[in-house]
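Trainee: Chains as they are written, first to last, in my numbering: chain Z, 1005 to 1401; chain V, 25 to 341.
1. Within this structure, are the beta carbons of residue 1274/Z and residue 1208/Z separated by less than 7 angstroms?
2. My output table needs one value for residue 1310/Z: the three-state DSSP class, helix, strand or coil.
3. Count the C-beta pairs between the region 212 to 229 of chain V and the region 248 to 264 of chain V that are closer than 8 angstroms, then say yes if the count reaches three, no if not.
4. Using a C-beta to C-beta distance shorter than 9 angstroms, which residues of chain V count as neighbours of residue 1217/Z?
5. Keeping to the same chain, check which residues put their C-beta closer than 6 angstroms to that of residue 1370/Z; ignore five residues upstream and five downstream.
6. Are any of the Cβ atoms in chain Z nearer than 7 angstroms to that of residue 166/V?
7. Is residue 106/V near residue 171/V, with beta carbons less than 7 angstroms apart?
8. Can you check which of these residues, 108/V, 88/V, 156/V, 112/V, is closest to residue 101/V by C-alpha distance?
9. Identify whether residue 62/V lies in helix, strand or coil by the three-state DSSP scheme.
10. Can you give me the C-alpha to C-alpha distance between residue 113/V and residue 1242/Z, rounded to a whole angstrom?
11. For residue 321/V, which option in 52/V, 85/V, 111/V has the closest C-alpha, if you only look at C-alpha atoms?
12. Which residues in the same chain as residue 1263/Z place their Cβ atom closer than 8 angstroms to its Cβ, once the five residues preceding and following it in sequence are excluded?
13. Please determine, among 1311/Z, 1117/Z, 1161/Z, 1319/Z, the residue with the shortest C-alpha to C-alpha distance to residue 1367/Z.
14. How many angstroms separate the CA atom of residue 1389/Z from the CA atom of residue 215/V?
15. Closer than 9 angstroms, Cβ to any Cβ of chain V: which residues of the region 1331 to 1350 of chain Z, in chain order?
16. Is there a Cβ of chain V sitting closer than 7 angstroms to that of residue 1252/Z, yes or no?
17. So, is residue 1061/Z buried or exposed, given that buried needs 16 or more other C-beta atoms within 10 angstroms?
18. Would you list, in chain order, the members of the region 1046 to 1069 of chain Z that have their beta-carbon closer than 7 angstroms to a beta-carbon of chain V?
19. Tell me the rounded alpha-carbon separation between residue 1298/Z and residue 62/V.
20. Mind pulling the chain Z residues with CB within less than 7 angstroms of residue 86/V?
21. If we count the other Cβ atoms within 10 Å of its Cβ and call it buried at 16 or more, is residue 156/V buried or exposed?
22. Counting only C-beta atoms, is residue 1246/Z closer than 7 angstroms to chain V at any point?
23. Can you find at least 3 beta carbon pairs, one from the region 116 to 136 of chain V and one from the region 1115 to 1126 of chain Z, that sit closer than 8 angstroms?
24. Please report whether the beta-carbon of residue 1190/Z lies at a distance below 7 angstroms from any beta-carbon of chain V.
25. What does residue 1221/Z touch in chain V if you count any residue whose Cβ is under 7 angstroms from its own?
26. Using the rule of at least 16 other Cβ atoms within 10 Å of the residue's Cβ for burial, across every protein chain shown, is residue 1189/Z buried or exposed?
27. I need the straight-line Cα distance from residue 1147/Z to residue 137/V, nearest angstrom please.
28. At which residue ranges does the region 105 to 143 of chain V contain complete alpha helix (DSSP H) runs of 4 or more residues, listed in the order of the chain?
29. From this set, 1302/Z, 1376/Z, 1088/Z, which residue's C-alpha is nearest residue 1333/Z's C-alpha?
30. Is it buried or exposed, residue 246/V, if we count other Cβ atoms within 10 angstroms and call 16 or more buried?
31. Can you check the region 220 to 278 of chain V for any alpha helix (DSSP H) of at least 4 residues that lies completely inside it and give the ranges in chain order?
32. Whole angstroms are fine: how far does the CA of residue 1149/Z sit from the CA of residue 141/V?
33. Measure from the C-beta of residue 1279/Z to each C-beta in chain V and report whether the shortest distance is under 7 angstroms.
34. Which residues share a DSSP beta bridge with residue 100/V?
35. Over the uninterrupted alpha helix (DSSP H) stretch that includes residue 1289/Z, give me the two end residues.
36. What runs of the alpha helix (DSSP H), each 4 residues or longer, lie entirely inside the region 1175 to 1232 of chain Z?
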């Protein structure tokens, strides 16, 4: 079809638009250079007009030629115009970006990103797809920025952090790792971390044990006042912990548990949520299994440990991750019951660390990263369990 | 028909056996089962009783006594006077207002942003897993981590506000108009990962076939979102609104780390007010009244939300 069209019309005529494209592409920068010294503004306009016309003419010429002659007709001139336009665009954008990046790093980064996206959109010819990536990427950058800048700041010297941003404010060219060492030993982060781990593991294990026991009782056993007790369990979920601190503080004090792991952990060793979650999981255990186990002479405890608990593993994992997360993040209670650095948890440790002078601001940032890493690891390895734990309430209503 | 004929005599037989032979043992088994049941429930019940139920009711008692201005003096019974004093004070009124304002600033925005990110991450794009990880990443931050990060970023000396063209002076956290908003932004960011994960799992339960069917019927992107996705997502949104509000009412760490209730009590939420009365003013009586108020407000607001919102929830099936 294309070949026929060419044959009918004879040798390809020179497309006027293509010529215009090349002319514009050449004239723009030449005029711009000439005018730069006398009238920089006009010169700039000339360059801008040059590349935009080169591109516009070039593309429409290409379109015309393709319409008339098919894809293979002599459109080299048009292509040359387009290429010129792109090269000029590239040079222009690059210059602009360098200027902006030096003057305003934040805006510069944003504009650079947009420019790259625009280029990709033009090259791939799929604006929608690129647009989606752009929006998603921009939001991802916004979400991650505070964490990123914390990492960067933890690697800078304190005097580099304050004041006007420089390129190294975004990327530490000479990272200073000793802030982590300072936070770890001088900032007591090692002690705080150890305390947090001890308390968190105590709470998590305790919650699992009490939830398995209570959940089993509610799912498999018959006893008077079972329903009433279950309602009591659920109603504990209605009482915010903040409401109970006044008396709890007294209780823990009278037990002599201030500044101790017991004081930090014991009030949280059982949750209504856990008992509820495990009860629901145990109710899913098939009746047949129970009967079979009874035939084999399994008592309740053996059935619980050998059959019910393994079957309820997903729920237990969800409870474990959820319990770990909330125990690790506790703030108010550790603040109330610890006054001794020896027993402070990471969250309160951060408050202490921040209290130090601004000269050690990089150490504070390092401490923040140290405090966040355990949960980050947890999130990476146990994402599925976490989601299940978090949404258990949403799904079951 | 024949099956029932076979089954009936067998159940009769087995029932007969158990009634004649195992009656005393069955009674013993029942008692033992009940005993085991109580034994399994007791550990949890002990914790609940000591650290939730008892302190909860003790609040009502504590509220009846006024604490002496100096320690070591006996506290004085003043009956309900303390309740009326505290609950009619302008400090209490302000604190309730701030608490609700804080919830209003954080909960809807948190849900909307989480939903927006979840919708974006729900697309079939290459490398979307990376974006999902980034969007859920703030779940690894605790209240303290988020507060220290944002507190430092908003600090006039070392902060980044000048970078985005904002004047860091007077310090944003000491500015009565902006402090609560700054705390709210910190909170929204910290909870964004949670909100995103919740909304994502909600979106995953929206069947693709329904969306495809809507597309075939000519529904555009927005219309599909509005008329198919949102209704199916409403249980998740409902849950997020309720739990989010409860969370917001209990927020404490970010206030303590960022503003300590100031400036001019503009960020003095109820939890912080309780803490202040208890710790700084050493006044458990007032703190107890405030704690009861916090409980009542949370409860009533949750019930109202359930009433109002549940009507709009579409449970399907």
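Backbone N, C-alpha and C define an ideal beta-carbon position, used for all residues, glycine too.
Mentor: Well, looking at it:
1. Here residue 1274/Z refers to the residue found at position 270 of the first chain. Here residue 1208/Z refers to the residue found at position 204 of the first chain. In this structure, residue 1274/Z sits away from residue 1208/Z, with a CB-CB distance that is not shorter than 7 angstroms.
2. Your numbering for residue 1310/Z matches position 306 in the first chain. For residue 1310/Z, the secondary structure class from DSSP, reduced to helix, strand or coil, is helix.
3. Yes, the region 212 to 229 of chain V is in contact with the region 248 to 264 of chain V.
4. Mapped onto the first chain, residue 1217/Z falls at position 213. Within 9 angstroms Cβ-Cβ: 63, 64, 65, 66, 67, 68.
5. The residue labelled residue 1370/Z in the question sits at position 366 within the first chain. These residues qualify, in order along the chain: 1158, 1183, 1184, 1187.
6. For the purposes of this step, residue 166/V is taken as residue 142 along the second chain, with counting starting at 1. Interface residue (Cβ-Cβ distance to chain Z less than 7 angstroms): residue 166/V is classified as such.
7. Counting from 1 along the second chain, the entry for residue 106/V is found at position 82. Counting from 1 along the second chain, the entry for residue 171/V is found at position 147. Not in contact: residue 106/V and residue 171/V (Cβ atoms no closer than 7 angstroms).
8. As a position in the second chain, residue 101/V is number 77, starting the count at 1. With distances taken between Cα atoms, residue 101/V lies closest to 88/V.
9. Counting from one through the second chain, the residue named residue 62/V turns up at place 38. When DSSP states are grouped into helix, strand and coil, residue 62/V belongs to the helix group.
10. Sequence index remark: in the second chain, residue 113/V carries index 89 (1-based). Sequence index remark: in the first chain, residue 1242/Z carries index 238 (1-based). C-alpha separation (whole angstroms): 26 angstroms.
11. Locating residue 321/V in the second chain gives position 297, where the first residue counts as 1. Ranking 52/V, 85/V, 111/V by Cα distance to residue 321/V puts 111/V first.
12. Looking up residue 1263/Z in the first chain gives position 259. Correct list, in chain order: 1341, 1342, 1343, 1344, 1346, 1347.
13. Indexing the first chain from 1 puts residue 1367/Z at position 363. Taking only the C-alpha atoms, the option nearest residue 1367/Z is 1161/Z.
14. Position 385 of the first chain, counted from the start, is the residue given in the question as residue 1389/Z. Position 191 of the second chain, counted from the start, is the residue given in the question as residue 215/V. Near 18 angstroms, if we compare the C-alpha coordinates of residue 215/V and residue 1389/Z.
15. Taking 9 angstroms as the Cβ-Cβ cut-off, the region 1331 to 1350 of chain Z approaches chain V at 1332, 1333, 1334, 1335, 1336, 1339, 1340, 1350, given in chain order.
16. Here residue 1252/Z corresponds to residue number 248 of the first chain, with the count starting at 1. Chain V, which has a Cβ nearer than 7 angstroms to the Cβ of residue 1252/Z, makes this yes.
17. Within the first chain, residue 1061/Z is the residue found at index 57, counting from 1. With 16 or more other Cβ atoms within 10 Å, it is buried.
18. Answer set for the region 1046 to 1069 of chain Z: empty.
19. Translated into the one-based positions of the first chain, residue 1298/Z becomes position 294. Translated into the one-based positions of the second chain, residue 62/V becomes position 38. C-alpha separation (whole angstroms): 21 angstroms.
20. Here residue 86/V refers to the residue found at position 62 of the second chain. Going along chain Z in sequence order, the residues near residue 86/V (Cβ under 7 angstroms) are 1250.
21. As a first step, residue 156/V must be located in the second chain, where it is residue number 132. That one is buried.
22. As a first step, residue 1246/Z is located in the first chain; it is residue number 242 there, counting from the start. At least one chain V Cβ lies under 7 angstroms of residue 1246/Z.
23. Using a Cβ-Cβ distance cut-off of 8 angstroms, the region 116 to 136 of chain V and the region 1115 to 1126 of chain Z are not in contact, since fewer than three pairs of beta carbons, one from each stretch, lie closer than that value.
24. Here the question's residue 1190/Z lines up with position 186 in the first chain. No, no contact with chain V.
25. As a working mapping, residue 1221/Z is identified with position 217 in the first chain. The contacting residues are 61, 64, 65.
26. What you label residue 1189/Z is simply residue 185 of the first chain in a count that begins at 1. By the 16-neighbour rule on beta-carbons within 10 angstroms, residue 1189/Z is exposed.
27. As a working note, residue 1147/Z is residue 143 in the first chain. As a working note, residue 137/V is residue 113 in the second chain. Looking at the two C-alpha atoms, the distance is approximately 11 angstroms.
28. Within the region 105 to 143 of chain V, the runs of alpha helix (DSSP H) at least 4 residues long that lie entirely inside it are, in chain order, 105 to 111.
29. By 1-based counting over the first chain, the position of residue 1333/Z is 329. Nearest of 1302/Z, 1376/Z, 1088/Z to residue 1333/Z, Cα basis: 1376/Z.
30. Here residue 246/V refers to the residue found at position 222 when the second chain is read from its first residue. Answer is exposed; the Cβ neighbour count stays below 16.
31. Runs of the alpha helix (DSSP H) inside the region 220 to 278 of chain V: 232 to 240, 245 to 248, 254 to 273.
32. Walking along the second chain from the start, residue 141/V turns up at place 117. Walking along the first chain from the start, residue 1149/Z turns up at place 145. So the two alpha carbons sit approximately 16 angstroms from each other.
33. Taking the first chain and counting its residues from 1, one reaches residue 1279/Z at position 275. In terms of beta-carbon proximity, residue 1279/Z lines the interface with chain V, with at least one pair separated by less than 7 angstroms.
34. As a working mapping, residue 100/V is identified with position 76 in the second chain. The bridge partners DSSP lists for residue 100/V are 90/V.
35. On the first chain, residue 1289/Z is found 285 positions in, with the first residue counted as 1. Counting along the chain, no alpha helix (DSSP H) covers residue 1289/Z, and no H or E run does either.
36. Those alpha helix (DSSP H) runs which fall completely within the region 1175 to 1232 of chain Z and span 4+ residues are 1182 to 1188, 1193 to 1224.
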